[in-house]
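Chains as they are written, first to last, in numbering that gives the first Met the number 0: chain P, 0 to 196; chain L, 0 to 196; chain C, 0 to 196; chain W, 0 to 196.
Structure, as structure tokens:
Protein chains: 4
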Amino acid sequence: MPKVMPGYKAHARQRIVREAERIFSQKGYHRSTMTEIARSMGVSKASLYQYFGNKEDLLIAVLERMTEDRQIRMYGFLDDHDVRSIASGEFFGEFLRSAKASGMLGFDLIYEMSRNDSLRGMVCSEYEQGLDKIVSFLTKLKKRGILRKDVDSRAIATGIIGLRDGLLSMSTLGLDEKLLKRVWQNWMIMVLQSIMA
Amino acid sequence: MPKVMPGYKAHARQRIVREAERIFSQKGYHRSTMTEIARSMGVSKASLYQYFGNKEDLLIAVLERMTEDRQIRMYGFLDDHDVRSIASGEFFGEFLRSAKASGMLGFDLIYEMSRNDSLRGMVCSEYEQGLDKIVSFLTKLKKRGILRKDVDSRAIATGIIGLRDGLLSMSTLGLDEKLLKRVWQNWMIMVLQSIMA
Amino acid sequence: MPKVMPGYKAHARQRIVREAERIFSQKGYHRSTMTEIARSMGVSKASLYQYFGNKEDLLIAVLERMTEDRQIRMYGFLDDHDVRSIASGEFFGEFLRSAKASGMLGFDLIYEMSRNDSLRGMVCSEYEQGLDKIVSFLTKLKKRGILRKDVDSRAIATGIIGLRDGLLSMSTLGLDEKLLKRVWQNWMIMVLQSIMA
Amino acid sequence: MPKVMPGYKAHARQRIVREAERIFSQKGYHRSTMTEIARSMGVSKASLYQYFGNKEDLLIAVLERMTEDRQIRMYGFLDDHDVRSIASGEFFGEFLRSAKASGMLGFDLIYEMSRNDSLRGMVCSEYEQGLDKIVSFLTKLKKRGILRKDVDSRAIATGIIGLRDGLLSMSTLGLDEKLLKRVWQNWMIMVLQSIMA
DNA sequence: CATGAATGAGACTTCATTCAT
DNA sequence: TATGAATGAAGTCTCATTCAT
Numbered sequence: 000m001p002k003v004m005p006g007y008k009a010h011a012r013q014r015i016v017r018e019a020e021r022i023f024s025q026k027g028y029h030r031s032t033m034t035e036i037a038r039s040m041g042v043s044k045a046s047l048y049q050y051f052g053n054k055e056d057l058l059i060a061v062l063e064r065m066t067e068d069r070q071i072r073m074y075g076f077l078d079d080h081d082v083r084s085i086a087s088g089e090f091f092g093e094f095l096r097s098a099k100a101s102g103m104l105g106f107d108l109i110y111e112m113s114r115n116d117s118l119r120g121m122v123c124s125e126y127e128q129g130l131d132k133i134v135s136f137l138t139k140l141k142k143r144g145i146l147r148k149d150v151d152s153r154a155i156a157t158g159i160i161g162l163r164d165g166l167l168s169m170s171t172l173g174l175d176e177k178l179l180k181r182v183w184q185n186w187m188i189m190v191l192q193s194i195m196a
Numbered sequence: 000m001p002k003v004m005p006g007y008k009a010h011a012r013q014r015i016v017r018e019a020e021r022i023f024s025q026k027g028y029h030r031s032t033m034t035e036i037a038r039s040m041g042v043s044k045a046s047l048y049q050y051f052g053n054k055e056d057l058l059i060a061v062l063e064r065m066t067e068d069r070q071i072r073m074y075g076f077l078d079d080h081d082v083r084s085i086a087s088g089e090f091f092g093e094f095l096r097s098a099k100a101s102g103m104l105g106f107d108l109i110y111e112m113s114r115n116d117s118l119r120g121m122v123c124s125e126y127e128q129g130l131d132k133i134v135s136f137l138t139k140l141k142k143r144g145i146l147r148k149d150v151d152s153r154a155i156a157t158g159i160i161g162l163r164d165g166l167l168s169m170s171t172l173g174l175d176e177k178l179l180k181r182v183w184q185n186w187m188i189m190v191l192q193s194i195m196a
Numbered sequence: 000m001p002k003v004m005p006g007y008k009a010h011a012r013q014r015i016v017r018e019a020e021r022i023f024s025q026k027g028y029h030r031s032t033m034t035e036i037a038r039s040m041g042v043s044k045a046s047l048y049q050y051f052g053n054k055e056d057l058l059i060a061v062l063e064r065m066t067e068d069r070q071i072r073m074y075g076f077l078d079d080h081d082v083r084s085i086a087s088g089e090f091f092g093e094f095l096r097s098a099k100a101s102g103m104l105g106f107d108l109i110y111e112m113s114r115n116d117s118l119r120g121m122v123c124s125e126y127e128q129g130l131d132k133i134v135s136f137l138t139k140l141k142k143r144g145i146l147r148k149d150v151d152s153r154a155i156a157t158g159i160i161g162l163r164d165g166l167l168s169m170s171t172l173g174l175d176e177k178l179l180k181r182v183w184q185n186w187m188i189m190v191l192q193s194i195m196a
Numbered sequence: 000m001p002k003v004m005p006g007y008k009a010h011a012r013q014r015i016v017r018e019a020e021r022i023f024s025q026k027g028y029h030r031s032t033m034t035e036i037a038r039s040m041g042v043s044k045a046s047l048y049q050y051f052g053n054k055e056d057l058l059i060a061v062l063e064r065m066t067e068d069r070q071i072r073m074y075g076f077l078d079d080h081d082v083r084s085i086a087s088g089e090f091f092g093e094f095l096r097s098a099k100a101s102g103m104l105g106f107d108l109i110y111e112m113s114r115n116d117s118l119r120g121m122v123c124s125e126y127e128q129g130l131d132k133i134v135s136f137l138t139k140l141k142k143r144g145i146l147r148k149d150v151d152s153r154a155i156a157t158g159i160i161g162l163r164d165g166l167l168s169m170s171t172l173g174l175d176e177k178l179l180k181r182v183w184q185n186w187m188i189m190v191l192q193s194i195m196a
């Protein structure tokens, strides 16, 4: 793409973000260096600084992209499936795959959050969005008479996200994925039974 | 304490570990420096290296202490209480408090684990011990006829730990602790009802 | 020289090597610091590390340069001169000058060799090349009927190098150079007489 | 030995020197640490400082001992043997053995000499003594009519020491000891023939 | 727009040495 | 006399960042 073309800049930016994501995911944010990212793209370090003011800005861009992706791929699930599908291994497997792809980056994310308000805001809003999505999904089910009316939707949604993240971090620790899937199914069934009308 | 006293060395070591725990917890492992730890204790960097071969060794000592602490304070709970107590806010609150104290360190822990086998072993074994403790607690309840015999103890235990960790990491993100406690109680009640005889 | 000029980098590298050679020669490798080399060049330490991965790499570059130099200046001698010239003070003086210029570095070289295979290989191969050069010189003389056919060329060559190095290290110790030159001439004459046809 | 016994101090000193010699010889002076010496003796570092003001003093003591030893063992040879024995493999082998035992220390010796006058004096005087011993040996032989009267005893002696040291340093580089012994014999025979009456 | 080169600041680590007990 | 503990000073190396070309 010629350098003067409109959109060139955005495209170049995107290429950097993608490479950074790959490397951050592999080695973690702190252990990745700007030199490494530049070298593996075949550009100069100085180029990176033309698109991102500093390393942290690059991290934020990466995390934004990951978040977006996850939102799209994950919560799309809820629209297309019925209530039982949430208890399926397929559902949990989707997260498992994505967690494995981002490797250590998830932990870096939280780690960096403590220093960076913009990051903290971003992550919290992702969480909120995720929760909202599930809450509205549950609300829909209540309206359709599938769930009991007195169910605390927010508590259920928070638990779903919490259990998901807890099990995913256990997978990072090396726990058997089959066990984790089984746990997910087990627990979701118990919970759904408790809240179905 | 005079330097020649027996146990002085152990005591000095402990002081370092405690200070390191404080600083690591506050700023994370990577952002904390040996210089800082030494300075904040009023000793020389070289002193730290007399007790710990390198920064990672110090991290390990800190984590060992934290683990031990947590094990003692936490799983002691199971011995002293009946089945319903596990669903209590008190139980979850205990973890919440300890998670808050260790701050970012929990995430560093996982972050570093990917590079360090000794660390990985430590953490995994803590997880296993935790799981075992809960499994044997559940087994006892089965024998006493409180739980159904066909319950998958390991899946339940894994879910308990998973939900706990997921909710705790949400608290680190800034989610309201009252909501989290409520979620915990809610979910534990649903699960216990599902598995009680 | 402008930084974008082709060959700039090679030139900058060379400047470092030259300065390092000067300082290593003066104070020995162990007593010289990267800080000192950088400071005496008016550049930053980090610059040195852009050209040489570590201190040892720099040492190797220095030694390579010295070796090359010595090979060129020294063994060129053999091509241009007849057999008697090897016994000349001029010949030995050439080595003496170069030994004085490298000062303590020669000893460091051997010292470091015990730890570093790449170094060891370098030095051994220089020795071998030197020996080969002399051996082929002697062989030529045999063919021309100047030396006796039954002379052990390798033993003679090894002795020449050995005597040279032994006397040179004595000069480093402060022994009178005139005496050393006389010794060289004396011994070489005795040996040449013994092996000439 | 009880600590109050006279000679205790000298004995303790000697033990330190012996251990230091062992370690310096193995790893070189710069790479050996006071900690290591103390630990391998089972005493405290501070003890070493009761006997030696600093590391360099310890080095000097070690070198004094080595020098003494070498003098005794080596130049005793000259008294007991006739002129031809100096050309024997046995003679050279003696040095070879001792050089191997002191390892890198010989090079350290020279290395340190440049900084330390007392060291320099010591080594030079050892050289001088060695030379004198050989010179007087040669003089004796002249008187007994075995050597020609016009021989430059000092030049011969210097050459003997020089060749010895040159060949020994080649052995440190890994050259075949058999070759070196052969060279020694070869050269000594040539030289002796040149100077015998 | 791109980059080769330089660098300031600071990280971890080592070690000879001292000193109170 | 002996030593456990502490440390100042220095060392090597790293890395995000800048800037002239």
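Note that beta-carbon positions come from the ideal geometry of N, C-alpha and C, so glycine has one too.
- For histidine 10 of chain P, the nearest beta carbon of chain L is not closer than 9 Å to its own beta carbon.
- Here threonine 34 of chain P is exposed, its C-beta having fewer than 16 other C-beta atoms within 10 Å.
- For glycine 92 of chain L, none of the residues of chain P pass the 9 Å Cβ criterion, the least Cβ distance being about 16 Å.
- Taking one beta carbon from each stretch, the stretch 152-160 of chain W and the stretch 66-78 of chain W have fewer than 3 pairs nearer than 8 Å; the two do not touch.
- The beta carbon of glycine 165 of chain C sits closer than 9 Å to some beta carbon of chain W.
- If you check the CB distance, leucine 104 of chain C and leucine 179 of chain C do not come in under 9 Å.
- Proximity of the stretch 50-65 of chain P to the stretch 106-122 of chain P meets the contact definition, three or more beta-carbon pairs being nearer than 8 Å.
- One finds Met189, Gln192 and Ser193 in chain C with Cβ atoms closer than 8 Å to the Cβ of serine 193 of chain W, taken in chain order.
- Interface flag for arginine 147 of chain W against chain C is unset, since no Cβ pair is found closer than 9 Å.
- Closer than 9 Å to the CB of isoleucine 133 of chain L there is not a single CB belonging to chain P.
- Around the beta carbon of glycine 27 of chain C, a 10 Å sphere encloses 16 or more other beta carbons of the protein chains shown; the residue is thus reported as buried.
- With respect to leucine 166 of chain L, phenylalanine 91 of chain L sits close: the two C-beta atoms are nearer than 9 Å.
- Listed along chain P, no residue sits closer than 7 Å to methionine 121 of chain L by beta-carbon distance, the nearest being about 11 Å off.
- With a beta-carbon spacing of about 20 Å, serine 124 of chain P and threonine 138 of chain P fall beyond the 8 Å limit used to define contacts.
- Classified as buried, isoleucine 109 of chain W has 16 or more neighbouring CB atoms from the shown chains inside 10 Å of its CB.
- Per the coordinates, the alpha-carbon of isoleucine 145 of chain L lies some 21 Å from the alpha-carbon of glycine 88 of chain L.
- The contact set of arginine 181 of chain W on chain C, defined by CB atoms closer than 8 Å, consists of Asp151 and Ala154 in chain order.
- One finds Gly158, Gly161, Leu162 and Gly165 in chain W with Cβ atoms closer than 7 Å to the Cβ of leucine 162 of chain C, taken in chain order.
- Note on the stretch 17-92 of chain W: whole alpha helix (DSSP H) runs with a minimum of 4 residues are 33-40, 44-50, 54-69 and 75-79, in chain order.
- Residues are counted here when their Cβ sits less than 7 Å from a Cβ of chain P; for the stretch 53-78 of chain L the count is zero.
- From the beta-carbon of isoleucine 22 of chain L, no residue of chain P is found nearer than 8 Å; the closest lies around 13 Å away.
- For the pair valine 134 of chain L and glutamate 18 of chain L, the Cα-to-Cα distance works out to about 35 Å.
- In terms of beta-carbon proximity, phenylalanine 106 of chain P lines the interface with chain L, with at least one pair separated by less than 9 Å.
- Membership of asparagine 185 of chain W in the alpha helix (DSSP H) is indicated by the continuous run 176-194.
- Taking 9 Å as the cut-off, the Cβ atoms of isoleucine 85 of chain C and methionine 189 of chain W do not count as close.
- Residue range 152-171 is occupied by the alpha helix (DSSP H) that includes aspartate 164 of chain L.
- According to the DSSP assignment, arginine 119 of chain W belongs to the alpha helix (DSSP H) that extends over 116-142.
- For glycine 173 of chain L, the neighbours in chain P by C-beta distance under 8 Å run, in chain order, Arg119 and Cys123.
- Our two residues, serine 170 of chain W and alanine 9 of chain L, have alpha carbons roughly 50 Å apart in a direct line.
- Between aspartate 78 of chain C and serine 168 of chain W, the C-beta gap is not smaller than 9 Å, which leaves the two residues out of contact.
- Using a 10 angstroms sphere on the CB of aspartate 131 of chain P, the tally of other CB atoms stays under 16, which defines it as exposed.
- Aspartate 107 of chain C is classed as buried because its beta carbon has at least 16 other beta carbons within 10 Å across all chains shown.
- The straight-line gap separating the alpha-carbon atoms of methionine 40 of chain P and glutamine 13 of chain P is approximately 12 Å.
- Using a 10 angstroms sphere on the CB of serine 101 of chain W, the tally of other CB atoms reaches 16 or more, which defines it as buried.
- The Cβ-Cβ distance between arginine 64 of chain P and valine 16 of chain P falls below 9 Å.
- The Cβ of methionine 33 of chain L sits no closer than 9 Å to any Cβ of chain P.
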